[in-house]
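Per UniProt numbering, the sequence shown starts with residue 1, numbered consecutively.
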Amino acid sequence: MSSSSDSEGSLYDKSEENNCILEQFVASVTDFSSHYGSDISVSYTAHNICGKPSKFPDYGDFPQTFVMRTYGRWWDLAPSHLEPFMPQNEGHIVAEDFIEILYDTPVYPICVSLFEIYNPGALVRIWASQPEEKWALLWEGIPEIIGHKPRMFTPPIQTTKYPTKLLRLEFNQSHLEYYTELDAVLLTGSTQSLNSQYIETRDEKIISSLGNGQLVSAICKMSLHKNLIENEENIHDLSNVVKDYKSRLKSEKKRRNLGLISCLPDETILKILGYLDLKSLFQCSQTNTYLYQLCTDPMLYTILGLKPYWHCLNVEALQTLSVRSKLLQKLDLSWCGPYGSFKEEHFIKFLKNCAQSLTDLRLNTCKFVTNESCTSISQNCSNIKELCLRNCVGISSAGFQKLSKLCHLERLDLYRTNIETGQLLHILKQNINLKHLNLGSCAHVSNLDEIMSQLSISNQRLISLDLWKGYSLTSVGLRFLSRIPSLEEIDLSWCMGIGAPGDSFHCLAKGCPKLKKLFLVALRGITDWDLQFFPTLCPDLQQIDLMGIRGINAEICLLFLNHCCDLQLLDVSFCDQIKDTQVAAWRQLYKSVSIKRSFQSCGSNLSW
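What follows is the structure in structure tokens.
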């Protein structure tokens, strides 16, 4: 096999002295935030990223790849959209999804190559695991629009102090026209520490590739490019900021001369400080005692969005925030606490100290969350309205049973959890104000028809319902859904148990006239007859996904296009009765609608 860097321009010379260079493909996946597949199938799952490329350099939609659940801004425009907590913490590059990949042999990374075979350009960060639960940022960049071609993406990366065999890739798909698909990730590295001569040579090659302009020349003259690693580590380590402010505070004396800032009322300064991201707020508190007192005011910590700090949020940072967050109302700890950076006991202690006023709690893809966390939530968060536990696979039936004590929930996200029918029924009965419910990929819910029946009885205010890959749903459950007229968003994709739907879709169209989003991916038994009432009875429809429905014709699509004046998205990928020429004509006639049509294009398969 040829080196991954041969296609992108080698950053090192393979000589007899460099016989410690290894090239490895992914051995296993340790964690991920979402995937298009399910845990009982291999199509489009995260684990497809393991091993050598299977489709590259083919371009197109292939089930043998890793695909995430979203693309574009469509999910942000849906009724179920979530507003971020403290968006200023995200910076200018927002990560929407991630995957953690493990290799067989620890190495000092030299380059990382991502094999993208459909809609490339979503990668925004590459992290490498380091000792003591630390992470080193190897590369960061804005998402790109590449065009319709496969790509082996090998960005220039930073070196690390220690070897690694665990990488984390972060993605932003919001700019893409359709799903991105990933085939493999190649890690090239050295089993021995990279010497300074290599680093110097590599940096100079990267700089020289940028040209000889005045800015690049000035950077080289001042040797700024040699300090990239240290700068990155300082920028991304929140715990260092905490330690730094504590050490400064001990020697700080109150300053009498505060300049013009002392002329402003405290309320005005607090308003200004409220626009700062959390790291800047910590740094500002180190300025003087007066600003420290303002920067630690509990009113600045009523909303905490800690997801962007997943890599550096440790016990000490959590304890410091605990002191300041006595009025906490909204908390997002999604992605935080991996590999013991803090433990469940620290989270529980944090809740006991700060959860009295908590109404919104997001714990998506948090490995530390188990039944004990559920017990603590039920005891300390009696006023909670939003609870997001997607990908929290450490919770069993006993933990979900504890959550049935909550009675004010308006949003509940249980995507890819192990909740069972009995516990879910108890929760639904207790929470009559529920508005948004996500049960996507909940494989242990064995009777979705019973769940739909309960929703129609106790949850008449429901706005959005995600039943992605809910295999136990049948046409009986659909008829129960039709009794909830408040529904604006339904995802029934891959609910294969529906089979021949009878008149259940007619009932759904008549009973849910407020529908704005309707996803029906891969419902093989549907025909034009089943969908005929939606265009006229649900005129507010904005997003319709009919991908993989082989029995529908162009006529039903034209009904949607002509009757739904607010229609923005129509996906007819892999609809066998609809021709490419028809789709091309519709795109010319209905330019306000984004009409999706996936495809496969085989090239000359390489041998790896």
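Ideal Cβ placement from N, Cα and C applies to all residues, glycine included.
Would you mind reading off the limits of the alpha helix (DSSP H) that contains I303?
Taken as a continuous stretch (DSSP letters only), I303 belongs to no alpha helix (DSSP H), being part of the beta strand (DSSP E) at 303 to 305.
Span separating the alpha-carbon of V583 from that of L589:
10 angstroms
Can you check the segment 312 to 388 for any alpha helix (DSSP H) of at least 4 residues that lies completely inside it and give the ranges in chain order?
315 to 324, 344 to 354, 371 to 380
Per DSSP, what are the beta-bridge partners of H436 in this structure?
R411, S464
Evaluate Q600 with the Cβ neighbour count: other Cβ atoms within 10 Å of its Cβ, from every protein chain shown; 16 or more gives buried, anything less gives exposed.
exposed
For N433, count neighbouring C-beta atoms within 10 Å of its own C-beta (all shown protein chains included) and say buried if the count is 16 or more, exposed if not.
exposed
Residue(s) in a DSSP beta bridge with Y309:
DSSP output for Y309 lists no bridge partner at all.
Can you give me the start and stop residues for the beta strand (DSSP E) that Y118 sits inside?
97 to 118
Could you have a look at M152 and say whether DSSP puts it in helix, strand or coil?
strand
Work out the CA separation of W127 and L169 for me, nearest whole Å.
In a straight line, the C-alpha of L169 is about 6 angstroms away from that of W127.
Spatial neighbours of L74 in its chain, beta-carbon cut-off 7 angstroms, leaving aside the 5 residues before and after:
Reading off the sequence, residue 74 comes out as Trp, not Leu. Counting only Cβ-Cβ distances below 7 angstroms, and skipping sequence neighbours, we find Q543, L569.
Relative to the C-alpha of T105, which residue among G189, D297, M299 is closest?
G189
Proximity to Y71 [Cα-Cα], best of I419, P535, G121
The shortest Cα separation from Y71 among I419, P535, G121 belongs to G121.
Indicate whether I457 and E488 have their beta-carbon atoms separated by less than 7 angstroms.
no
Where DSSP assigns a beta bridge to T188, which residues make up the other side?
E23, C111
State buried or exposed for F282, treating a residue as buried only when at least 16 other CB atoms are found within 10 Å of its CB.
It is buried - the Cβ of F282 has at least 16 other Cβ atoms within 10 Å.
Spatial neighbours of D449 within its chain, please: CB distance less than 8 angstroms, with the 5 preceding and 5 following residues excluded, ordered by chain position.
S472, L473, T474, V476, G477, F480
Best match in I303, L300, L167, E96 for proximity to S129 [C-alpha to C-alpha]:
L167
Simplified DSSP state of D503, which is helix, strand or coil
coil
With a 10 Å radius around its C-beta and 16 neighbouring C-beta atoms as the bar for buried, classify A78 as buried or exposed.
buried
Go through its chain and collect everything with a Cβ distance to A554's Cβ below 8 angstroms, but skip five positions before and after it.
Q577, I578, K579, Q582
Is I117 closer than 7 angstroms to K55 when the C-beta atoms are compared?
yes
Using CA coordinates, which residue listed in K326, Q64, P265, T296 is at the minimum distance from L276?
T296
Contacts around N48, its chain only, beta-carbon distance under 6 angstroms, and the 5 residues preceding and following it disregarded:
Q64, T65, F66
Using beta-carbon positions only, say whether G337 and C366 come within less than 7 angstroms of one another.
Judged by their CB atoms, G337 and C366 are nearer to each other than the 7 angstroms cut-off.
Buried or exposed for T536, going by 16 or more other Cβ atoms inside 10 Å?
exposed
Do you know whose CA, among N353, K307, W310, lies nearest T320's CA?
Closest by alpha carbon: N353.
Measure the alpha-carbon distance for K330 versus L306 and round it to whole angstroms.
11 angstroms
Residues near A355 in its chain [Cβ-Cβ closer than 6 angstroms; skip 5 each side]
N380, C381
Where does S592 fall in DSSP's three states?
coil
Sequence-distant residues of the same chain with beta carbon closer than 6 angstroms to S80, five excluded per side
Scanning its chain for C-beta atoms nearer than 6 angstroms, with the 5 sequence neighbours on each side dropped, one finds around S80 the residues H436, S464, E489, in chain order.
Tell me the rounded alpha-carbon separation between D360 and A585.
46 angstroms
Candidates L439, L300, L492: which alpha carbon is nearest L327's?
L300
Span of the alpha helix (DSSP H) holding S280?
278 to 284
Mind checking whether Y103 and Q24 have CB atoms under 7 angstroms apart?
yes
In this structure, how does DSSP classify E488 when only helix, strand and coil are distinguished?
coil
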